[in-house]
Every structure is written in structure tokens, then in C-alpha cells.
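J.: Read in order, the letters of the sequence shown correspond to residues 1 to 511 in the numbering used here.
Here it is, the structure, as C-alpha cells.
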Amino acid sequence: MIKYIAYCRKSTDEKDKQVLSIEAQISELKEFAKRENLTVTEFITEAKTAKVPGREQFAEVLKRIEKGQANGILSWHPDRLARNSIDGGKIIYLLDTGKLLDLKFPSFWFESTPQGKFMLNIAFGQSKYYVDNLSENVKRGNRQKLRNGVWPSKAPYGYINNPKTRGIDIDPELSKVVRKAFQLFAEGGKSFVEIAIFLHKFGIKKLDGKPVKVDQVKNMLTNKFYLGIMKYAREYYQGSHKTFISKKLFDEVQKQVEKIERPRQKGHNFAFAGLATCGECGAAITAEQHIKKYKNGTGQTFIYYRCTKKLKPCDQKYISEPNTEAQLRKTVRDCGLHEGWEPYFEKWIIKAEEKDKFTAEVETKQLNDQVQETEIKLNRLLDGYLDQVIEPEIYKQKKNELFDEKLKLEEKKSQIEKNGNVWLEPMRGFVNCALQAQKVARAENNCHDLSVVAKKVGSNFFLKDRRLSVTLDFPFAALSAEGGAASAAPNPLSISKIVTVPGLEPGTFPM
Ligand SMILES: [Zn+2]
1 MIKYIAYCRK STDEKDKQVL SIEAQISELK EFAKRENLTV TEFITEAKTA
51 KVPGREQFAE VLKRIEKGQA NGILSWHPDR LARNSIDGGK IIYLLDTGKL
101 LDLKFPSFWF ESTPQGKFML NIAFGQSKYY VDNLSENVKR GNRQKLRNGV
151 WPSKAPYGYI NNPKTRGIDI DPELSKVVRK AFQLFAEGGK SFVEIAIFLH
201 KFGIKKLDGK PVKVDQVKNM LTNKFYLGIM KYAREYYQGS HKTFISKKLF
251 DEVQKQVEKI ERPRQKGHNF AFAGLATCGE CGAAITAEQH IKKYKNGTGQ
301 TFIYYRCTKK LKPCDQKYIS EPNTEAQLRK TVRDCGLHEG WEPYFEKWII
351 KAEEKDKFTA EVETKQLNDQ VQETEIKLNR LLDGYLDQVI EPEIYKQKKN
401 ELFDEKLKLE EKKSQIEKNG NVWLEPMRGF VNCALQAQKV ARAENNCHDL
451 SVVAKKVGSN FFLKDRRLSV TLDFPFAALS AEGGAASAAP NPLSISKIVT
501 VPGLEPGTFP M
């Protein structure tokens with residue numbers, strides 16, 4: 001009498017709906033065994049893929065057959081038993097040696113004859129072929145696409161998969177929505193949720209119509225795909241798709257993302273919370289609120305800032321919010337630029353731009369040479385890899401390094417092409433920020449704006465003995481050194497003092 005072990009398998013990676021669940025396989029096999037009058041000694045189930053050898057339960061089945069505890073296997077289909085040549089070979093071997101007398105499948109007819117084994121081999125082989133084919137085709141297609149600079153997956157927001165060319169095109173409408181979202185977020189003070197709501201309002205949503213999740217917003221805002229760089233399976237590829245987000249805008253967005261990602265002080269929304277640290281002990285400065293009640297029933301709110309004293313004992317006293325505000329306002333005011341200065345700086349920038357055009361051409365040529373050099377290196381590396389003198393791991397790492405290098409060069413090149421030179425944009429940014437600083441310093445009841453601008457002009461804010469100190473960024477430090485002269489309307493004296501142009505004597509400013 002043949003004793004059968006029933007083996008059922010379904011792996012979690014099998015999306016195929018035609019593959020029955022383990023429960024369904026068991027009930028099908030029971031019914032089949034009853035109909036065929038088969039003696040089943042036990043049911044063994046496994047939830048692992050058969051694409052690769054190494055299934056414990058399957059090994060158990062083989063072991064029992066080796067030991068003679070059973071001499072038949074019952075399974076739904078040969079592909080449940082084996083989808084790789086090693087496991088398939090073991091089954092065939094057991095049949096050849098006579099330890100395995102029979103196999104039964106409700107969905108596949110098998111008899112232990114040379115012809116039957118041949119058919120079984122094909123069944124195993126077909127399963128294997130099917131698996132190989134599926135994953136190889138996907139892999140091969142993806143690799144080829146990535147090499148051609150084409151994203152092999154679903155298009156990111158603002159892009160659309162073109163079914164005709166199989167490439168990625170800019171979606172004329174949604175790209176505008178995405179760009180607007182980037183711009184909104186770059187301005188600062190926006191949360192991921194607000195961006196999700198904005199996207200939802202203009203047609204970017206999940207399949208179920210709900211706003212996209214916070215993580216997806218973050219992924220979108222940090223996805224280098226928008227710069228033309230594709231990251232796939234932890235490797236970078238140069239994309240061939242057109243972009244609609246500038247490097248500058250993207251970088252601004254990254255700064256805001258970092259701000260949000262940094263752990264924030266919980267609870268209240270104090271304007272200057274998290275701005276400074278204690279100048280004595282280095283602990284964080286926290287804020288608290290006190291409400292003073294008067295006899296007539298009214299009350300007044302006072303806000304204080306003080307050292308948390310969490311690191312070590314510290315003698316620092318609290319500072320009131322108005323005092324903090326006044327000091328910060330002066331700092332910001334001194335970094336300000338009166339709007340009367342704007343044309344001076346604009347002319348200066350234009351002049352500098354012309355001068356730089358020539359330099360840019362020279363630099364671009366140099367960068368081109370460097371890019372070419374990197375490409376030669378990449379080719380050499382590939383040759384070494386194909387000749388098997390370079391280990392795959394080292395190849396991968398080196399390739400990524402060289403790719404990074406190449407990307408950086410390409411980035412530099414495109415920046416020079418777009419902006420004339422890399423520092424003119426920061427220069428414009430500086431002027432705009434200084435103009436904003438002047439306005440914010442003059443306005444009232446705007447502690448939050450004050451805090452935002454303060455963080456733009458400087459860093460390392462310290463509070464000690466009720467004095468606020470700051471390290472100003474270079475151009476702002478220069479402005480501030482003039483004691484806020486530029487935050488007033490320009491006159492000839494202040495012009496000669498504040499504006500110097502490289503290669504020109506102070507005061508001989510191009511008007
Ligand atoms: Zn302290």
C-alpha cells in the first residue's frame with residue numbers, strides 16, 4: 001500500500017490568484033484522496049517560495065520518504081513541490097531509486113513511467129521557466145530601461161507613463177501642481193499635511209480619492225527624480241526625462257524638510273522657542289507662559305524664556321519675551337537692506353553676470369573634460385568587472401562613486417549654464433533676504449516672522465546674562481558691521497561704505 005504525504009504550499013509573494021490558499025489546497029486534497037481511495041498519513045504545509053531551494057517542510061517530506069515512513073506525495077500541482085531544478089531533481093531521483101513510488105496531483109496527471117517522469121520534469125521545468133522568465137524579463141527590462149535613462153516604474157507625481165513610448169513624460173497640468181507645492185513648501189511654515197491637502201485640491205490623490213499620506217508627500221519633496229536623477233535598487237542612474245523643478249527650488253525645499261524633520265519642542269507655539277541655547281551651560285532654552293490676574297477680573301499673559309538646566313547646574317535667569325524680541329529685532333534690522341538699495345545691488349549683479357559669462361564658458365569646458373574623464377574611468381571599471389578582475393561588490397561601490405562624481409559635475413555644469421555662476425543665485429537670495437529683513441524688523445507684532453528671518457541671517461544663537469548673541473552668515477555680518485546703515489535709505493556716504501565691487505574702487509559703483 002502506498003502511504004502519501006500531502007504537501008501544500010503557498011508563499012506570500014505569490015500574487016497569482018489561480019494559486020489556491022493553503023486551506024483550499026488541504027480541502028481539495030482531502031476530497032481528492034477520498035475519491036481516489038488514497039491513504040494520507042499526514043499533511044505538511046509551507047508558506048515559503050519554491051523559487052529557491054531551502055524549504056524546511058519540503059526537506060521534511062523528503063526525509064520521511066528517505067526513511068520509508070511514506071512512499072507517495074500528494075500535492076495540488078507539481079509547481080507546489082518544486083520551482084527550482086535542485087528540488088525537482090530530488091523528486092525525480094527518489095522516483096528513480098524506488099523510494100518514491102507515486103505522486104498524485106488533482107490538477108496534473110502523473111504515472112511513474114519514463115514518460116511520466118519526463119512529463120513531470122517538464123512540469124517542474126515549466127514552473128521554473130515560468131518563474132525565471134517572469135523575474136528575468138522584469139529585471140532585464142528594468143535594467144535596460146535604467147541604462148537608457150528611463151524610469152521603469154510608476155511615474156512620480158507630475159509625470160505620466162507614456163504607454164506609446166514606454167517613457168516618462170511631464171504631465172502638463174499636474175506638473176504645475178507639483179511645482180506649486182514645492183514652491184509653497186520652500187516658503188517655509190508649511191506642514192506635509194497642508195501640502196497633501198493642497199495636492200488633493202488640485203487632483204493629486206490616492207487611488208481611493210483620499211489625500212496622499214504624509215510619507216508620500218515627504219518622498220515627493222525629497223525625490224531626486226525631479227532633478228533628473230533616478231535611484232533604483234539602491235543605485236543611481238542618470239534619467240533622460242525632462243525636469244520642471246529647478247535645483248535651487250529643490251534645495252530650498254530640502255532645507256525646509258530638514259527643519260520639519262528635526263525634533264521640535266512639543267506643546268506651545270512660542271515664537272522664539274528652539275531658537276537659542278544657553279550661553280553658560282549649552283542646554284536648550286525653553287519658554288513658559290504665566291497669566292497674571294488682576295482684581296478687576298482681567299488678566300495679562302507674560303512669556304518668559306529660560307535655560308532648561310538639564311545638562312548641569314546653571315545660574316542663568318529667565319528673560320522676558322519683549323526683551324528677547326527687542327534684541328532679535330535689532331539683529332534682524334542690522335542685517336536689513338532698505339528697498340532704496342535694491343537697484344544698486346541689481347546693477348551690481350548684472351555687471352557681475354556679464355563678467356562671469358566668460359569665466360563660465362571656460363569652466364564649462366573644463367567640466368566637460370572632467371566628465372569625459374569620469375566616463376573613461378567608468379568604462380575601464382566596467383571592462384575590469386567583465387574581465388572578472390574586479391569583484392562585483394567593489395565594482396558596484398566604485399561605480400556608484402564615479403556616478404556620484406559624474407552627477408556632481410553634470411549638476412555644476414547645468415547650474416553654470418542656467419545661472420551664469422553658482423554664487424549669483426545665493427547673491428540674489430541674500431539681497432532678497434536682506435530686503436525682507438528690513439521690512440520684518442520694521443513691522444510690529446510679528447515675532448514668528450522675526451524668528452524665521454533671524455534663522456536665515458544667522459545661526460548659533462546663545463542666550464547669556466539676558467543678552468542674545470548670534471553668528472551672522474558672511475554677507476549679513478558685513479551689512480551688520482555698518483550698524484544697520486543699509487536698513488536706511490542710501491546716501492552717497494553710505495553707498496561708498498557698504499558697496500564694494502571686486503576690481504573696482506569703493507565708491508566707483510556702476511550706476
Ligand atoms: Zn544654562
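Backbone N, C-alpha and C fix where the C-beta goes; we use that ideal spot for every residue, glycine too.
In whole angstroms, what separates the C-alpha of V371 from that of L407?
T.: Going by the C-alpha atoms only, they are around 9 Å apart.
J.: Does the count of Cβ pairs from the segment 333–346 and the segment 432–440 closer than 8 Å reach three?
T.: These segments touch.
J.: Compare the C-alpha of F43 against each of Y159, S75, G483 and S451 and name the closest.
T.: Of Y159, S75, G483 and S451, the residue nearest in Cα terms is S75.
J.: Is any heavy atom of ligand 1 found at a distance shorter than 7 Å from the C-beta of E280?
T.: Correct: E280 has its Cβ closer than 7 Å to ligand 1.
J.: Exposed or buried, which one is H290 when buried takes at least 16 other CB atoms within 10 Å?
T.: Label assigned to H290: exposed.
J.: Would you say L146 and Y232 are within 8 Å of each other, going by their C-beta atoms?
T.: Taking 8 Å as the Cβ cut-off, L146 and Y232 qualify as a contacting pair.
J.: Count the other CB atoms within 10 Å of the CB of P506; is the residue buried (16 or more) or exposed (fewer)?
T.: Low per-residue confidence applies at P506: pLDDT is 44, beneath 50, and the placement is therefore not dependable enough to give any value.
J.: Go ahead and pull the three-state DSSP assignment for K293.
T.: If DSSP states are grouped into helix, strand and coil, K293 belongs with the strands.
J.: Ligand 1 and K309: does any heavy atom of the ligand fall closer than 7 Å to the residue's C-beta?
T.: Yes; taking the cut-off as 7 Å, the Cβ of K309 has a heavy atom of ligand 1 nearer than that.
J.: For my contact list, S487 and A441 are in at a C-beta cut-off of 8 Å; report their separation, rounded to the angstrom.
T.: Right, the Cβ-Cβ distance comes to about 7 Å (below 8 Å), so this counts as a contact.
J.: Would you mind sorting A326 into buried or exposed? The rule is 16 or more other CB atoms within 10 Å of its CB.
T.: It is exposed - the Cβ of A326 has fewer than 16 other Cβ atoms within 10 Å.
J.: According to the Cβ coordinates, are K247 and E405 closer than 8 Å?
T.: No, Cβ-Cβ distance for K247 and E405 is not below 8 Å.
J.: Determine the direct distance from the alpha carbon of E288 to that of G267, and round the result to whole angstroms.
T.: A caution first: G267 carries a pLDDT of 45, below 50, which makes its placement in the model too unreliable to give a value.
J.: Got a sec? Which residues, its chain only, sit under 8 Å from I260 by beta carbon, not counting five neighbours each side?
T.: Same-chain partners within the cutoff: S191 and F192.
J.: According to DSSP, is A276 part of a helix, a strand, or is it coil?
T.: Looking at A276 - three-state DSSP - the assignment turns out to be strand.
J.: Measure from the C-beta of A273 to each C-beta in chain C and report whether the shortest distance is under 8 Å.
T.: In the structure shown, chain C cannot be found, because there is only a single protein chain.
J.: Enumerated in chain order, which unbroken segments of the alpha helix (DSSP H) with a length of 4 residues or greater are wholly contained in the segment 334–403?
T.: Whole alpha helix (DSSP H) segments, 4+ residues: 342–386.
J.: Identify which residue in R166, E60, N445 and G158 has its Cα closest to the Cα of K176.
T.: Nearest option by C-alpha distance: G158.
J.: Do the CB positions of A276 and T308 come within less than 8 Å of each other?
T.: It is not a contact, given that the beta carbons lie outside the stated cut-off.
J.: Looking only at its chain, what residues have a beta carbon closer than 6 Å to the beta carbon of F182, apart from the 5 residues adjacent to it on each side?
T.: Excluding residues within five positions, the ones whose Cβ falls inside 6 Å are I245, L249 and V253.
J.: From which residue to which residue does the alpha helix (DSSP H) around L221 run?
T.: Here the alpha helix (DSSP H) through L221 covers V214 to T222.
J.: Name, in chain order, the residues that DSSP records as bridge partners for E410.
T.: Its beta-bridge partners do not exist; DSSP assigns none.
J.: If I follow the unbroken alpha helix (DSSP H) through C447, where does it start and stop?
T.: From DSSP, the alpha helix (DSSP H) with C447 extends over C447 to V457.
J.: According to DSSP, is F198 helix, strand or coil?
T.: In this structure, F198 counts as helix in the three-state DSSP scheme.
J.: At what residues does the alpha helix (DSSP H) containing R9 begin and finish?
T.: Looking at the DSSP string, R9 is not in any alpha helix (DSSP H); the run it does join, the beta strand (DSSP E), is K3 to R9.
J.: Within the continuous beta strand (DSSP E) that includes R466, where are the two ends?
T.: No beta strand (DSSP E) holds R466; DSSP gives it neither H nor E.
J.: In its own chain, which residues sit with a C-beta less than 6 Å from the C-beta of Q25, not counting the 5 before and 5 after it?
T.: So the list reads C8 and W76, once near-sequence residues are dropped.
J.: Going by DSSP, what residue range makes up the beta strand (DSSP E) through D169?
T.: First-last of the beta strand (DSSP E) with D169: G167 to I170.
J.: Assuming contact is defined by CB atoms lying nearer than 8 Å, are Y93 and T41 in contact in what I supplied?
T.: For Y93 and T41, no; Cβs fall outside 8 Å.
J.: To test your reading of the DSSP string, which unbroken beta strand (DSSP E) runs of 3 or more residues are found completely within the segment 12–79?
T.: Listed in chain order, the complete beta strand (DSSP E) runs (minimum 3 residues) inside the segment 12–79 are 39–46 and 72–75.
J.: Please classify E187: does DSSP put it in a helix, a strand, or coil?
T.: Residue state, collapsed to three classes: helix.
J.: Could you tell me how far apart the beta carbons of G458 and V470 are, in whole angstroms, since I believe they sit closer than 8 Å?
T.: Going by Cβ atoms, the distance from G458 to V470 rounds to 4 Å, so yes, they are a contact pair.
J.: Relative to the alpha-carbon of A443, which residue among N223, I390, V332 and L378 has its alpha-carbon at the smallest distance?
T.: The shortest Cα separation from A443 among N223, I390, V332 and L378 belongs to V332.
J.: May I ask whether a heavy atom of ligand 1 can be found less than 7 Å away from the beta carbon of Q300?
T.: Checking the Cβ of Q300 against ligand 1 gives no.
J.: One question on the structure: do L184 and I170 come within less than 8 Å of each other, judged by their Cβ atoms?
T.: Taking 8 Å as the Cβ cut-off, L184 and I170 do not qualify as a contacting pair.
J.: According to the neighbour-count rule (16 or more other Cβ atoms, all chains shown, within 10 Å of its Cβ), is K128 buried or exposed?
T.: In this prediction, K128 scores a pLDDT of 45, lower than 50, which makes its location untrustworthy; no coordinate-derived value is stated.
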